[in-house]
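This report refers to the structure that appears directly beneath it.
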Amino acid sequence: MPAYHPESELLMDYASGALPEPVALLVASHVSLCRDCQAEVARLEALGGALFDGLEGEAMAPGAMDHALARLEVTDNLEAASATTSPPSRAGRLVPRPLRDYLGDDLEALSWKTRAGVSEAALLTSFPGFRTRLLRIKAGTTLPQHTHEGSEYTLLLAGGFTDASGHYLRGDVAVADPSVDHRPVADDGEDCLCLAVTDAPLRLTGPVGRYLNFLARL
Ligand SMILES: [Zn+2]
Numbered sequence: 005m006p007a008y009h010p011e012s013e014l015l016m017d018y019a020s021g022a023l024p025e026p027v028a029l030l031v032a033s034h035v036s037l038c039r040d041c042q043a044e045v046a047r048l049e050a051l052g053g054a055l056f057d058g059l060e061g062e063a064m065a066p067g068a069m070d071h072a073l074a075r076l077e078v079t080d081n082l083e084a085a086s087a088t089t090s091p092p093s094r095a096g097r098l099v100p101r102p103l104r105d106y107l108g109d110d111l112e113a114l115s116w117k118t119r120a121g122v123s124e125a126a127l128l129t130s131f132p133g134f135r136t137r138l139l140r141i142k143a144g145t146t147l148p149q150h151t152h153e154g155s156e157y158t159l160l161l162a163g164g165f166t167d168a169s170g171h172y173l174r175g176d177v178a179v180a181d182p183s184v185d186h187r188p189v190a191d192d193g194e195d196c197l198c199l200a201v202t203d204a205p206l207r208l209t210g211p212v213g214r215y216l217n218f219l220a221r222l
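To convert, count from 1 in the sequence shown and add 4; that's the working numbering.
Have a look at this one:
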């Protein structure tokens, strides 16, 4: 069972369909791996349904219907996916079903870019303001020290990593906000696979990072 869960505001926004799709995908993937959060989301949805019934007849907030419809689509996708009979590949089995709907089950078919022990494949590229990536980090690799202008959500799918805030394993969600200046290190022994959603560009803070930021601005 995962030890690190999305904060309760995030689960509440997820249950009410208010999360932007990249973050909703990450939360849905965690929920599919976590019984505690499944129970919590079911409770929040029931609560939301009761509230919604209470509001019947009143004007809906702008966008509320879109959100409600978007949620229905996600539910449809989940059901469609569970009806598939072909077994996923070995790597595909690591990918929770909500995410598999976006990726298919052949991770090798994604377009990976590799640099310094880290491979990344961009996902959901049509959501401006969000950067959604699948990351594969070679066992034992230290990532460059960095901080964020927005929030960074990371869902661990395989292997593990450690930073100042803890040790993260499959199913765990790590959240780093702009106050966090961290330097994650992938566990030895197994390559780390994770889904990362960032809602603003990373700002690198180590000596090399400052130089890279300087170059990036040229
Ligand atoms: Zn959870």
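Yeah, the Cβ is synthetic: ideal placement off N, Cα and C, and Gly gets one too.
Note that the structure is a prediction, hence the values are computed from the model and not measured.
Pairwise C-alpha distance: residue j and residue i
i: TRP116; j: LEU55; result: 44 Å
i: LEU51; j: CYS41; result: 15 Å
i: HIS171; j: CYS196; result: 12 Å
i: VAL27; j: ASP17; result: 10 Å
i: LYS142; j: THR202; result: 21 Å
i: SER36; j: ARG137; result: 19 Å
i: LEU29; j: GLY164; result: 20 Å
i: GLU11; j: SER155; result: 13 Å
i: LEU98; j: LEU173; result: 13 Å
i: ALA7; j: SER169; result: 13 Å
i: GLY53; j: THR118; result: 45 Å
i: ALA162; j: GLU13; result: 26 Å
i: ALA126; j: ASP110; result: 15 Å
i: ALA235; j: ALA120; result: No answer is possible for residue 235: it lies beyond the span of the chain, which begins at 5 and ends at 222.
i: ARG47; j: TYR106; result: 27 Å
i: GLU153; j: VAL184; result: 10 Å
i: GLU83; j: PRO148; result: With a pLDDT of only 45 at GLU83, under the threshold of 50, the placement of this residue in the model should not be trusted; the figure read from the coordinates follows. For GLU83 and PRO148, the distance between alpha carbons rounds to 40 Å.
i: GLU44; j: ALA190; result: 30 Å
i: THR146; j: ASP192; result: 11 Å
i: GLY175; j: MET5; result: 7 Å
Simplified DSSP state of residue i, which is helix, strand or coil
i: CYS3; result: For residue 3 there is no data in the structure shown, the boundaries of the chain being 5 and 222.
i: SER123; result: strand
i: GLU153; result: coil
i: VAL177; result: strand
i: LEU114; result: coil
i: LEU14; result: helix
i: ALA87; result: Model confidence at ALA87 stands at a pLDDT of 47, short of 50, so the residue's coordinates are unreliable and nothing is read from them.
i: LEU107; result: helix
i: PRO102; result: helix
i: LEU48; result: helix
i: LEU128; result: coil
i: ALA22; result: coil
Counterpart residues of residue i in DSSP-defined beta bridges
i: PHE165; result: TYR172 and ALA190
i: ALA7; result: Partner(s): none; ALA7 has no beta bridge.
i: LEU147; result: Paired residue(s): none; LEU147 is not in a bridge.
i: LEU159; result: VAL177 and LEU199
Bounding residues of the beta strand (DSSP E) (the contiguous stretch that carries residue i)
i: VAL184; result: Careful: VAL184 lies outside any beta strand (DSSP E) and carries neither H nor E.
i: LEU138; result: 135-141
Residue range of the unbroken alpha helix (DSSP H) whose run includes residue i
i: LEU29; result: 25-37
Contact with chain B by residue i, beta-carbon distance below 9 Å
i: SER20; result: Any reference to chain B falls outside this structure, which holds one protein chain only.
Output the residues surrounding ligand 1, defined as those with a CB atom closer than 7 Å to any ligand heavy atom, in chain order. PRO6, HIS9, PRO10, HIS34, VAL35, CYS38, ASP40 and CYS41
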